[in-house]
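The structure appears right after this line, and notes come after that.
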Amino acid sequence: MNCKEVINLMDGYLDSELDPLTSQTIEQHLRDCPNCDRIYKAHGSLMRAIATASPYHKAPAGLRERIQSSLREEIAEQPIRDVSSEMPVRPLSKQSEPRTVFFGTQWNWLALAAAIILAALIALNLVPRLQRPGADQLLATQLIASHVRSLMANHLTDVASSDQHTVKPWLDTKLDFAPAVPDLSNKGFPLVGGRLDYLDNRPVAALIYQRRKHFINLFVWPIESNTAKTTKTMSRQGYQLLHWADSDFNYWAVSDVNADDLQTFKQGFEEQIHSQPR
Amino acid sequence: MVIALPFNAEHLSETEDFESRPKIVKFVALKKHQEQDAAQGQELASFEEAMLPHLDAAHNLARWLVRNEQDAQDVVQEAYLRAFRSFGGFRGSNGRPWLLTIVRNTSYTLLKKNRAADFTTFDEEIHASSDESAGPATILEHSEDAELIKEAINELPAEFREILVLRHQEGLSYKEIADIAQIPPGTVMSRLARARGKLKEYLAARIGKEK
């Protein structure tokens, strides 16, 4: 091994990270070569001095507590399914209760309790899975599929026009309802056109707006009397969904723009239809 | 033990029966909560037991990387949260390198966000070894000057600061350093050599200017 090779391996030798054979070779070389030995000693003592002198930043007081409390907050924020509130408790109907069963039979209370717990457990597992998210999730899937299809198959619009007075009459002739088609170009969402679509087991109107290079599909259909007029946001597969409702219609906006843009869109839409009566 | 009680309609009115159902449901729900709570509590306890002993190491690395106390504390807190979230995937016996990897990555995220000077090239004019540079013996004389060394290390790029801290202050093996810095094990020695060389150079330049 020559001096250059030894110098190259010196850091590994100093850190005792070389294989035994190489270490031995270097050791031998250092014994024979005063020049390399001097470099080795100077390098070694300097490194040790630096390691000793460089300040070690111990964690300050309070950091430990801060971390511990943030971990506890983290746990508290994790949604624990509140099953008791979701569990529908239907009162037993008095008429349908076969009273003879109650009066005539010996009742094994433990078995009854076990049956109720079993029923509750089944309900606990099924109710949140089937009912709660089911309808919205299914609809969201349909909405996204429809949005994607409209962009994919060159079938974004049935009637391509930035003129609301062209799009609206066209839709009115095809549907049994007449949605508002406001012009939102002054809010940064120019109208691209309209389309017929089929969602949630009914024909719906799809209004297409543009935001820079992105398209927003706004699906509109008449509200059902018992539908809650809530606003909902969802984000799935990178698409943003925003749902709201007014006194007449359900609105679902689907797009790949960010959630803030979609909120701005909703605000603009609502302001516009309130300022210009249909 | 099975207790079979005869049903007595006079003792148990139907209203009571209505109530007993939601009560049982609530009891089951409560029990589920308690079990979940207990499981989470247990996980937190074993996480803290495994990871809090390395708090100083975590803070030290973050402090050297982000070079600012407030940011270092934020980084360490964020790193512990991230570590807790992926604690299920930690199967090793040695928590320190695992935690330091997360601290390191969190620090780099912050450094990149702040577009810190670490990612720009260094001004070779300032750091060029000139005739004024001190020799090895003079450097050794000054090597106990903690402030001087700290300033010189802080001038190094992040990848050099990181490797010096991991080796000299944490005493980690090349293998562990390779895992944390996400470089091939064969690169550790050469990077350490370059880091030490640069540090020597900076020290020499600083001492030379002070003279």
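These protein sequence lines map, in sequence, to chains A and B. Start counting the first sequence at 12; every next residue gets the next number (my numbering). Start counting the second sequence at 207; every next residue gets the next number (my numbering). Ideal Cβ positions, reconstructed from N, Cα and C, are used throughout, including at glycine. Values in this document were obtained by computation on a predicted structure and should not be read as measured data.
As the crow flies, the alpha-carbon of M58 (chain A) is around 43 Å from that of Q248 (chain B). Using a C-beta cut-off of 8 Å, the region 124-138 of chain A makes no contact with the region 191-210 of chain A, since fewer than three inter-stretch Cβ pairs fall below that distance. Going by DSSP, R310 (chain B) is part of the alpha helix (DSSP H) stretching over 301-319. One Cα belongs to T275 (chain A), the other to Q251 (chain A), and the distance between them is close to 13 Å. Taking the Cβ atoms as the reference, S65 (chain A) lies roughly 7 Å from A352 (chain B), within the contact range of under 8 Å. A residue is called buried when at least 16 other Cβ atoms come within 10 angstroms of its Cβ; A70 (chain A) meets this threshold and is buried. Positions of the beta strand (DSSP E) runs, each at least 3 residues long and wholly inside the region 334-375 of chain B, cannot be given because no such run exists. When 8 Å is used as the limit between beta carbons, D385 (chain B) is near no residue of chain A, the shortest such separation being about 14 Å. Under the 10 Å beta carbon count, S313 (chain B) is surrounded by 16 or more other beta carbons and is classified as buried. DSSP links M245 (chain A) through a beta bridge to A:L252. In the three-state reduction of the DSSP assignment, I413 (chain B) falls in the helix class.
Rounded to whole angstroms, the gap between the alpha carbons of T393 (chain B) and D280 (chain B) is 30 Å.
The three-state secondary structure of I284 (chain A), taken from DSSP, is helix.
The count of Cβ pairs closer than 8 Å, one atom from the region 151-160 of chain A and one from the region 235-249 of chain A, reaches three, so the stretches are in contact.
Excluding its 5 nearest sequence neighbours in each direction, P303 (chain B) has C-beta neighbours in its own chain below 7 Å: L378, E382, D385, I386, listed in chain order. The residues Y380, K381, A384, in chain order, have a CB closer than 8 Å to that of P391 (chain B) in the same chain once the five nearest residues on each side in sequence are set aside. At a cut-off of 8 Å between beta carbons, I413 (chain B) makes no contact with chain A. Proximity of A126 (chain A) to chain B, defined by a Cβ-Cβ separation below 8 Å, is not satisfied. Under the criterion of beta carbons closer than 8 Å, R402 (chain B) and E365 (chain B) do not qualify as touching, at roughly 13 Å. When B:A285, B:S349, B:M257 are compared, the shortest CA-CA separation from A268 (chain B) is found for B:A285. Counting of Cβ neighbours within 10 angstroms places Y209 (chain A) among the exposed residues, the total staying below 16. For the region 64-82 of chain A, the beta-carbon criterion of a distance under 8 Å to any beta-carbon of chain B is satisfied by A64, S65, P66, Y67, H68, K69, A70, P71, L74, R75, R77, I78, Q79, S81, L82. Under the 8 Å criterion on CB atoms, E85 (chain A) is classed as interfacial with respect to chain B. Rounded to whole angstroms, the Cβ separation of A60 (chain A) and L346 (chain B) is 6 Å, and the two are in contact under 8 Å.
Taking 8 Å as the threshold, the shortest C-beta distance from M12 (chain A) to chain B does not fall below it. Interface with chain B (8 Å Cβ-Cβ cutoff): E28 (chain A) is included. If you ignore the 5 residues before and after R412 (chain B), its C-beta comes within less than 8 Å of the C-beta of L354, E357, A358, all in its own chain and listed in chain order. Counted as a single uninterrupted DSSP element, the alpha helix (DSSP H) harbouring A264 (chain B) occupies residues 261-272.
For D351 (chain B), at least one C-beta of chain A is nearer than 8 Å to its own C-beta. Collapsing the DSSP output to three states places A217 (chain A) in a strand. L25 (chain A) and V371 (chain B) have their C-alpha atoms spaced approximately 16 Å apart.
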